[in-house]
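**Student:** Heads up: the protein sequence lines correspond to chains E and Y, in order. Those letters in the first sequence? Residues 0 to 118, by numbering that gives the first Met the number 0. Those letters in the second sequence? Residues 0 to 337, by numbering that gives the first Met the number 0.
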Amino acid sequence: MSDSQKPAEPYYKQKDLKKFAEVGAFRPELMEKFFDYYNSVVATEGALTKREKSLIALAVSHVKQCPYCIDAYTSSCLENGSNPDEMTEAIHVGAAMEAGINLVHGVQMQNALRKKGAL
Amino acid sequence: MENSTAATIPEAKVSTAFANRVFHSGQDLKPTALDTLQINITKLCNQACVHCHVDSSPRRREAMSDETLDRILAILKADDQIKTLDITGGAPELHARFKDVVKEARALGKTVMIRHNLTVAQDPHPVTKESMHDLPDFFAEYGVEIVSSLPYYQEFFTDKQRGSGVFKKSITTLQQLNERGFGTSGGERVLNLVYNPVGAFLPPNQEDLEKTYKKHLKENFGISFDQLFALTNMPIHRFKVQLKRLGTYEEYMETLSGAFNPAAAKGIMCRNLVSVAYDGTLYDCDFNQVLGMKLRDVPDLQSWNREKLLKRTIKTDDHCFGCTAGAGSSCGGNTADE
């Protein structure tokens, strides 16, 4: 098999998530601040439960299409007691927001049309 | 009927990773007491659940003999430090002498805990086809404690793990148990439920999940229960095969090992119970039993010796990470705070 025939290696590899902390090899104090903030927000009970936070994070993971986050927050949702109904509803919220955000820019389109005298 | 299946299981090659981890955490996994005898009286079950570490099913026929049961009753009579008889299987109610054993153990003043799968009261006996509908009345008459698996408070996850139709049957039995005072009497008639994950992930926080279960089961089905025990799935036998098939075994083991909690190791079940297999052989727990990890110095009921049992070295292997992950997992649920 020539090099050109070999299947391309995936750009995102599941095992790479474990290397996240290695980003802190340089300017570690910044990464430390990030992880401190991140864990304070998502990994603790607050006004929102960890279960609710995991569902929000799952929705954002889909909106931002981050494969690492989708894996991590699917596990996190399950480990905080969620079920496929709740998780699917959460990603629908993300999808509906994206659709709404897209459509509301129709106002900008209409403003532009008006400027051109076309509306 | 007995056969030699368990006797012919070769002892697995044992890993020292768990023992080393315990040692380096400053823990000493020695028995702390011997107050519970857990007996696995049959591998026959009306269900064949995905996660079942015993590989129980309607086709299994292994059952504890009269001789072995009589020996157990004799030990219960002679040893007043054993307070609890924990009867498991398979579905233990399917054993021909199940009711006799319960009656005799109760007459000896022992707490009798039944690992009751809920559906066995609704299905006919897989072999004799007899109705098992009288079980809730029997449980009430003899004041047993009931511990029942309900992997989720909704149908989808429950049926995915335990088979189609299991959730609806479980709800029917839970309502019948409530009508007889189980789970509604403030602890007089005990009904505890068991959650275990429907896949390769750790269980949620037990306290939070118990609140959610109580809310949903009460609102939707009028059901009450006492406590929820959140258990971790053991990476052995049928569940291990599933993990291997999905290609997630190594990842799951890393998850368990990564969540090792020294505090959880303190309260794990092998420290205060002995597990008896259907053929009378002895183990540190039900999981070691199905892996063929027999006790060394006191291998069976014939050689029963309380002092030796209390001094034994508990046998461990990689699956033990399942009992010490996160908040811990034992027959009575979490063993530590997370």
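For glycine and all other residues, C-beta sits at the position ideal for the given N, C-alpha and C.
For N110/E, go through chain Y and note every residue whose CB falls closer than 8 Å to its CB, in chain order.
**Tutor:** Near N110/E there are no residues of chain Y at all, since even the closest Cβ is about 47 Å away, more than 8 Å.
**Student:** Can you name the start and end residues of the alpha helix (DSSP H) that D136/Y belongs to?
**Tutor:** Segment 134 to 141, the alpha helix (DSSP H) holding D136/Y.
**Student:** Per DSSP, what kind of secondary structure is G88/Y in: helix, strand or coil?
**Tutor:** DSSP places G88/Y in strand when its eight states are reduced to three.
**Student:** Can at least three beta-carbon pairs, one atom from the stretch 28 to 42 of chain E and one from the stretch 60 to 71 of chain E, be found at a separation below 8 Å?
**Tutor:** No, the stretch 28 to 42 of chain E is not in contact with the stretch 60 to 71 of chain E.
**Student:** I want to see whether chain E comes within less than 8 Å of Y251/Y, judged by CB atoms only; does it?
**Tutor:** With 8 Å as the cut-off, Y251/Y does not count as an interface residue toward chain E.
**Student:** On the DSSP letters alone, give me the boundaries of the beta strand (DSSP E) that L36/Y sits inside.
**Tutor:** 35 to 41 is the span of the beta strand (DSSP E), which, as asked, contains L36/Y.
**Student:** Measure the alpha-carbon distance for R58/Y versus S53/E and round it to whole angstroms.
**Tutor:** Near 41 Å, if we compare the C-alpha coordinates of S53/E and R58/Y.
**Student:** Excluding the 5 residues flanking E85/E on each side, which residues of the same chain have their C-beta closer than 7 Å to its C-beta?
**Tutor:** Excluding positions up to five away in sequence, the list reads L54.
**Student:** Write down the C-beta distance between S223/Y and V193/Y rounded to the nearest angstrom, noting that I regard them as a contact closer than 8 Å.
**Tutor:** Wrong, their Cβ atoms sit about 16 Å apart, outside the cutoff.
**Student:** What residues from chain Y crowd round S74/E, counting only those whose CB sits closer than 7 Å?
**Tutor:** Per Cβ cutoff of 7 Å: F200.
**Student:** I'd like the ranges of any beta strand (DSSP E) spanning at least 3 consecutive residues and lying wholly in the stretch 21 to 70 of chain E.
**Tutor:** With a minimum length of 3 residues, no continuous beta strand (DSSP E) run stays inside the stretch 21 to 70 of chain E.
**Student:** Could you give the distance in angstroms between the alpha-carbon of L84/Y and the alpha-carbon of V101/Y?
**Tutor:** Spanning the two alpha carbons is a distance of roughly 9 Å.
**Student:** Do L107/Y and V275/Y have their CB atoms nearer than 8 Å?
**Tutor:** Their beta carbons are not under 8 Å apart, which means L107/Y does not touch V275/Y by this criterion.
**Student:** Mind checking which residues open and close the alpha helix (DSSP H) that includes F228/Y?
**Tutor:** It is not in any alpha helix (DSSP H) - F228/Y instead sits in the beta strand (DSSP E) that spans 227 to 229.
**Student:** Go through its chain and collect everything with a Cβ distance to K109/Y's Cβ below 8 Å, but skip five positions before and after it.
**Tutor:** So the qualifying residues of the chain are L75, I81, K82, T83, L84.
**Student:** At a Cβ threshold of 8 Å, is Y248/Y touching chain E?
**Tutor:** Not closer than 8 Å to any Cβ of chain E, the Cβ of Y248/Y fails to qualify, so no.
**Student:** Per DSSP, which residues does T110/Y bridge with? Please list them.
**Tutor:** DSSP lists T83/Y as partners of T110/Y.
**Student:** Quick check for students: name the residue ranges of the alpha helix (DSSP H) that lie wholly in the stretch 69 to 118 of chain E, counting only runs of 4 or more.
**Tutor:** Qualifying alpha helix (DSSP H) stretches, in chain order: 83 to 103, 105 to 114.
**Student:** When the Cβ atoms of the stretch 313 to 330 of chain Y are set against those of the stretch 264 to 274 of chain Y, are three or more pairs found closer than 8 Å?
**Tutor:** The stretch 313 to 330 of chain Y is in contact with the stretch 264 to 274 of chain Y.
**Student:** Along chain Y, which residues have their Cβ under 8 Å away from the Cβ of P66/E?
**Tutor:** Under the 8 Å cutoff, chain Y gives no residues; its nearest Cβ is about 15 Å from P66/E.
**Student:** Among N333/Y, L33/Y, K42/Y, N204/Y, which has the Cα closest to the Cα of S64/Y?
**Tutor:** Comparing Cα-Cα distances from S64/Y to each of N333/Y, L33/Y, K42/Y, N204/Y, the minimum goes to K42/Y.
**Student:** Rounded to the nearest angstrom, how far is the Cβ of H215/Y from that of V289/Y, given a contact under 8 Å?
**Tutor:** 32 Å between Cβ atoms; not a contact.
**Student:** I want to see whether chain E comes within less than 8 Å of D207/Y, judged by CB atoms only; does it?
**Tutor:** Output row for D207/Y: interface = yes.
**Student:** Return the chain-ordered list of same chain residues with a C-beta closer than 8 Å to the C-beta of T48/E, the five sequence neighbours on each side being excluded.
**Tutor:** Answer for T48/E: N79, listed in chain order.
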